[in-house]
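Student: Below is one structure. I have some questions about it.
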Amino acid sequence: MTQEQWNAVDRYVTDLLVPADEALTAALAASDAAGLPAINVAPNQGKMLHLLARIQGARTVLEIGTLGGYSTIWLARALPEEGRLISLEYSPDNAEVARANLAHAGLDKIAEVRVGPALETLPKLVQEPGAGPFDLVFIDADKQNNAHYVEWALKLTRPGSLIIVDNAIRGGGVVDADRADPAIEGTRAMYELVGREERLEATAVQTVGTKGWDGFLLARVVA
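The working numbering applies: residue 3 is where the sequence shown begins, and numbers increase by one.
So, in structure tokens, the structure goes:
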């Protein structure tokens, strides 16, 4: 299989199952115009996140890593009218784009973007009345801190909550112990944490497509 074939399959699936959507298309265009990197989830992956949130019956979602708000829109749309999504974004410029995209999608009453390093914002969330527990946590930020983000997610969830970590395969790099790459090292540390954490039951799935070879880790909080 080649990248060209992966792209073709993603296009086929997206054309049939993920119809064109003005707000999502506009979010990608606005992100591109603002110079944001094209590292958002693919449309079929966004739809998967949406369906997982719906299946979970999520009313509250925490997202770590907003970028331009593309995945935020997918997740926020899965919530009921009184639902709440908090997304944490390091870059003020990215957050500005994301807020505009969420407002354009009519989701600014449900979804809130908070700016700052997530490892500084997460402890404040733990102390904030009514901020948690979250029914679903989606982690898609700097990969070197993945293990730390999972640790904080455990403090902000409840038994039955779902934790999803994006980019969990790294083009197969997770099995290459000799790769001196902070993103891979951080992802391996996350796997080791999840593997020994008795409060989680988890698996990971590899994906190929327009985003190359990667995957997701899914973990359910059991205690």
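Note that CB positions come from ideal geometry on N, CA and C, so glycine has one too.
Is residue 73 helix, strand or coil when you go by DSSP?
Tutor: helix
Student: Report yes or no: do three or more beta-carbon pairs, one from the stretch 171 to 185 and one from the stretch 129 to 137, lie closer than 8 Å?
Tutor: With the cut-off at 8 Å, the stretch 171 to 185 and the stretch 129 to 137 do not touch.
Student: Count the other C-beta atoms from every protein chain shown that fall within 10 angstroms of the C-beta of residue 45, then say buried if there are 16 or more, exposed otherwise.
Tutor: Classification of residue 45: buried, given that the 10 Å Cβ count is 16 or more.
Student: Compare the Cα-Cα distances from residue 156 to each of 140, 184, 7, 144 and report the closest residue.
Tutor: 140
Student: Hey, quick one: how far does the alpha helix (DSSP H) through residue 33 stretch, first residue to last?
Tutor: 24 to 35
Student: Would you mind reading off the limits of the alpha helix (DSSP H) that contains residue 197?
Tutor: 184 to 198 is the extent of the alpha helix (DSSP H) around residue 197.
Student: Identify whether residue 113 lies in helix, strand or coil by the three-state DSSP scheme.
Tutor: If DSSP states are grouped into helix, strand and coil, residue 113 belongs with the strands.
Student: In the DSSP assignment, what residue or residues form a beta bridge with residue 66?
Tutor: 90, 141
Student: Does the stretch 173 to 188 touch the stretch 76 to 88, meaning 3 or more C-beta pairs lie closer than 8 Å?
Tutor: no
Student: With a threshold of 8 Å, are at least 3 pairs of Cβ atoms found where one atom belongs to the stretch 26 to 39 and the other to the stretch 97 to 117?
Tutor: yes
Student: In its own chain, which residues sit with a C-beta less than 6 Å from the C-beta of residue 8, not counting the 5 before and 5 after it?
Tutor: 210, 211
Student: Just mark residue 208 as buried or exposed, buried being the case when its beta carbon has 16 or more other beta carbons within 10 Å.
Tutor: exposed
Student: For residue 223, which beta-bridge partners are listed by DSSP?
Tutor: 202
Student: Can we say the stretch 119 to 128 touches the stretch 49 to 63, given the rule of at least three CB pairs closer than 8 Å?
Tutor: Taking 8 Å as the limit for Cβ pairs, the verdict is that the stretch 49 to 63 does not touch the stretch 119 to 128.
Student: Give a yes or no on whether the C-beta atoms belonging to residue 151 and residue 167 are separated by under 9 Å.
Tutor: yes
Student: Buried or exposed: where does residue 57 fall if 16 or more other Cβ atoms within 10 Å of its Cβ makes it buried?
Tutor: exposed
Student: Please name the residue in 82, 28, 87 whose C-alpha comes closest to that of residue 70.
Tutor: Minimum Cα distance to residue 70 is reached at 28.
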